[in-house]
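If you want the working numbering, it's the position in the sequence shown, counting the first as 1, plus 943.
Glycine included, every Cβ here is placed at the ideal spot set by N, Cα and C.
Since the structure is predicted, the reported quantities are computational estimates derived from the model, not experimental observations.
Here's the structure, in structure tokens; my notes come after.
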Amino acid sequence: VKVKPKVVVYKRMNEQVLNKIREMCDVSYFPAYKEDYPAFLAALKEAEGVLGAGLKFDTALLDQAPKLKIICNTSVGYDNLDIPLLKERGILATNTPGVLNDTVADAIVALMLSAARRVTELDQFVKTGGWSEQGFLQQQFGVDVHHKTLGIIGMGGIGTTLAKRAYFGFDMHVLYHNRSRNEQAEHTYNAVYCTMDELLEQSDFVCVMTPLTAQTEKLISKREFAKMKKTAIFVNAARGKVVDEAALIEALQSNVILAAGLDVFEKEPTGQNNPLLCMPNVVTLPHIGSATAETRMKMAQLGADNLVAGVHGKRPLTPIY
Ligand code: 8YV
């Protein structure tokens, strides 16, 4: 009888996907691994593959997983992995690119519109009885999105999908700054490649969508906010650490920019004492950019397919290297 390779799944996973993995692997499932860490480590010690998101696989943890052949993220971001270290140890690594582009781009548009039209603030205004006959309707609220300029920092899969929505859905003028040119976006959405400063100075909406790397940590800081328009709306659905959060707080408090829409934070979950949570012109989401039922299913399925392939000596579908 062929022995099934041992794997660890350390993130809550759809039962249907889990059972598909169980057909091919001996699964140790930890939907809340921190609550049962000794058992998690014991399983990791025997595991040839792991599936989940967000857990930092540093040297210390890898030393406790001597049989590991593959680490599979159910996320497009892989800042929890030290790729050179994994290469050195001959451990494969995979992520889930592409399947979440539309869902995350939708969430970014939701943040843009909510911040521009002050949806969360005005929703509370109505629900707490603020809407009365006395003169409310004479006041102007919010700013337009259509026909404005959107600056995308990081024109990868999600950025390009966002550019499509902005260009075709809202008649926006799209600028972008990227490590390399994106001819498809330029041709299809008339996106204009520009320097970081040109983008910051000309954009009404600034959206950062880069991966978190040593080069992008605190990429957007005091200097960048100062370059933005006073009417600029800043959106981050990448990683919190791509932004100097103290500089963002200061820029909002001193009206250097108008508003922000944030799906990610330097520290997650972000504590109640974070000033960003007390600002009416800041719309916040709990890192749910990709978190729709349909897309999380696709991410889980892709992660599972990578895992099963990797522990059976086959090339995974979406390897990082
Ligand atoms: C993940 C994300 O769901 O894909 C990413 O990189 O940030 C989200 O889609 C999150 O990282 C873990 O659940």
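Rounded to whole angstroms, the separation of the alpha carbons of S971 and Y953 is 8 Å. For N1023, the CB contacts under 8 Å within the same chain, skipping 5 residues up- and downstream, are A996, G997, L998, K999, F1000, N1016 in chain order. With at least 16 other beta carbons inside 10 angstroms of its own, P1259 counts as buried.
A straight line joining the alpha-carbon of I1231 with that of I1051 spans about 10 Å. Taken in chain order, the unbroken stretches of alpha helix (DSSP H) that lie wholly in the segment 1115 to 1172 and span 4 residues or more are 1126 to 1132, 1139 to 1145, 1165 to 1170. Not one heavy atom of the ligand 8YV falls within 7 Å of the beta-carbon of V960. The continuous beta strand (DSSP E) containing V993 extends over residues 992 to 995. Between D1187 and I1163, the C-beta spacing is below 8 Å. Distance from the C-beta of G1097 to the nearest heavy atom of the ligand 8YV is not below 7 Å. Between the ligand 8YV and the CB of A996, the shortest heavy atom gap is smaller than 7 Å. Spanning the alpha carbons of P974 and E1167 requires a straight line of approximately 39 Å. Within 7 Å of the C-beta of V1019 there is at least one heavy atom belonging to the ligand 8YV.
Between M1152 and A1180, the beta carbon gap of about 7 Å places them in contact (Cβ cut-off 8 Å).
If the five residues before and after T1156 are omitted, its C-beta is found closer than 8 Å to the C-beta atoms of D1022, all from its own chain and listed in chain order. In this structure, G1232 has its beta carbon less than 7 Å from a heavy atom of the ligand 8YV. Fully contained in the segment 1007 to 1042 are the following alpha helix (DSSP H) runs of length 4 or more, in chain order: 1026 to 1032.
In this structure, the CA atom of W1074 is about 14 Å from the CA atom of T1063. L1142 sits close to L1118, with the two beta carbons spaced by under 8 Å.
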